[in-house]
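Encoded as structure tokens, the structure appears first; notes follow it.
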Amino acid sequence: MDDTPQQQNVNVRSCGAVGDGRTLDTVAIQRAVDHCAGQGGGRVVLPSGTWLTGTVHLKSHVILHLEAGAVLRGSPDLADYAIDAEQDYAPGIIGPVLIFAKGCERTGITGTGVIDGDGNSFPKKMDSPRPVLVRFRDCIQVRVRDVTLRDGASWTIHAIGCRQVHYQDLTIHSVLQPTNDGLDIDGCEEVFVRGCSITTSDDAIALKATRTGHSCRDVLISDCRLSSYCQAIRVGPETLADIHRVTATNCIIVDTGMGGICVQAAHGGSIHDLIFNGFVMDRVSNPISVRLGGWRDGDENVKPWFLDDHRWQEGRVNDVLFANIRARVPSRYLEGTPKESHTFKNNEKTCITVTGTTATRPQRITFNQVEVTLPGGGTSADANREIPELDRQYPTPFMFGVPKAYGLFARHVDDLVLKEVRFRLESPDERPAVVCEDVRINRKKESP
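Convert by adding 32 to the 1-based position in the sequence shown; the result is the number in the numbering used here.
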């Protein structure tokens, strides 16, 4: 994809933008986008300066280009934002949008400037409306490259129903709000994420399928550095459609408060054909978890935006490979991580978990050349405690409390493959390394 379909540059100053950080430049920036689109496309250029704006609607064949020293700052006033009327999943939280492209082709954002969401200007409450920094809805050929995105009020970049999406060499730092995701890849096809550095309070990279009939597939993640108060790479649990053909390779995960890699299906869709290869994790509270179950919010799914999990028993998780992974679990809370944001009380006794239910069974989950260093500290009481089923509880790496094993706990699983898996302890632990309940294990042998 050529970043400049037509070699035309439209400087926002020529359309009346001021760039002093105080004047609201929404109308002028939108005028530049519309003019550029009307001339067949090109780049809308933001030079050095601070450009205060509400919602900007991108158009086909138009690239928003932020030069060095340019800061595109979101307005602190929610009234300056348009609402994505089609956002029926958690609309109160992620309905408003700063930069929005809908049904576009060959569009995106480039340059070495900064997009600043001014996240501190909005209430820090889970159910409060807060703008997403960037959303691409039902677009084709999207590229976001080189820019820095920081201090969002909600999710950072949300692509939903898009095809041929490229994220390259991005820097995302967003930890001010409880729902500061990095990249949300939602029902998209042919997605490439390369060379990104992402630090977030919520999931750094999240793959999901929140619309029936819109699967998330053909995703490649490589050469990224990820850090999160929550989960670094999360596949699911929103699975109204399938998530498959995903490869993540050569990534570093550090300082992550819940899960390094989490694979979770909860709404009846299938997650399959995933490869996670060549990871180094350090100071990660739980390196890997796989969960196949439901996700019921209270007794009657009372929130109007909540995804209905009535098909949860139809869900599948199968053919997932974790290979060439080295991880270290910290022995205490991560320094600087707000404990009130998530439940960390059991992270000192965590382990890898692979769990289904009496009605759902992950299949063909493979661990090959995986080495995890854990703090130890488990007691005989921990080893003998009863683990509840929790068929329809919101999935997290710590949902079962202290596990019965210090290395791997598996339950209701078929064809679990363990090959060259090693667990190291920094202090004694009275639990066994591996506990399997209702599990069929395929212990692969070396070829003669």
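Virtual Cβ for every residue (Gly too), placed ideally from N, Cα, C.
Keep in mind the model is a prediction, meaning the values are calculated, not measured.
Pairing R358 with E403 gives a Cβ-Cβ distance under 7 Å. Assigned with DSSP and collapsed to three states, S46 falls in helix. Comparing alpha-carbon positions, the option among D216, V166, A241, G74 lying closest to A114 turns out to be V166.
In this structure S92 touches T139 by the C-beta definition: roughly 6 Å separates them, less than 8 Å.
In the DSSP assignment, N356 falls outside any alpha helix (DSSP H) and lies within the beta strand (DSSP E) extending over 348 to 360. Secondary-structure assignment with DSSP links E99 through no beta bridge to anything. Per the coordinates, the alpha-carbon of D148 lies some 29 Å from the alpha-carbon of N282.
Secondary structure at H342: coil, using DSSP grouped into helix, strand and coil. Taking the CA atoms as reference points, A280 sits about 21 Å from P427.
When DSSP states are grouped into helix, strand and coil, G106 belongs to the strand group. Classified as exposed, T411 has fewer than 16 neighbouring CB atoms from the shown chains inside 10 Å of its CB. In this model, D178 and G291 are separated by some 27 Å (Cα to Cα). In this structure, the alpha-carbon of D159 lies about 15 Å from that of G151.
With contacts defined by Cβ atoms closer than 7 Å, I95 and R75 form a contacting pair. Separation of R63 and C47 (C-alpha to C-alpha, rounded to the nearest whole angstrom) is 6 Å. Taking the CA atoms as reference points, F154 sits about 12 Å from A111. Setting aside the 5 residues that flank it on each side, R454 is surrounded in the same chain by E403, each with a C-beta closer than 6 Å to its C-beta; the list follows chain order. In the DSSP secondary-structure assignment, A297 is bridged to L324. In this structure, the straight-line span from the alpha carbon of G301 to that of G51 is close to 47 Å.
Closest option to C262, judged by alpha-carbon separation, among V295, C256, V251, P210: P210. For a cut-off of 8 Å, the C-beta gap from K240 to E270 is around 4 Å, short enough to register as a contact.
A check of alpha carbon separations from A185 across I172, D213, I192, Q173 identifies D213 as the nearest.
In the same chain as A297, and ignoring 5 residues on each side of it, the C-beta atoms closer than 6 Å to its own belong to G268, T271, I303, L324, G347, V349, in chain order. Selection V65, V466, T82, G433 evaluated against R417 yields G433 as nearest (Cα-Cα).
Among the bridge pairs identified by DSSP, E270 is matched with none. Pairing K134 with R175 gives a Cβ-Cβ distance that is not under 7 Å. Here G310 has T281, N282, N356 as same chain residues with Cβ atoms under 7 Å from its own Cβ, once five neighbours each way along the sequence are excluded.
Residue pairing by DSSP places S247 opposite no residue, since no beta bridge is assigned to it. Annotated three-state conformation of T58 is helix, per DSSP. Between V164 and W187, the CB-CB gap stays under 7 Å. Residue pairing by DSSP places I253 opposite V225, A280 in a beta bridge. Exclusion of the five residues before and after G219 leaves I192, G193, A241, T242, R243, H246, S247, C248, A273 as the residues of its chain whose Cβ lies within less than 7 Å of its Cβ.
Sequence-distant partners of R360 (beyond 5 residues in either direction) whose C-beta falls short of 6 Å from its own C-beta, in its chain, are D314, T405. Taking the CA atoms as reference points, D57 sits about 20 Å from R182. Contact between D255 and R226 holds: their C-beta atoms lie close to 6 Å from each other, under 8 Å. Spatial neighbours of D446 in its own chain (CB-CB distance under 7 Å, excluding positions within 5 residues in sequence) are listed in chain order as R393, Q395, R472.
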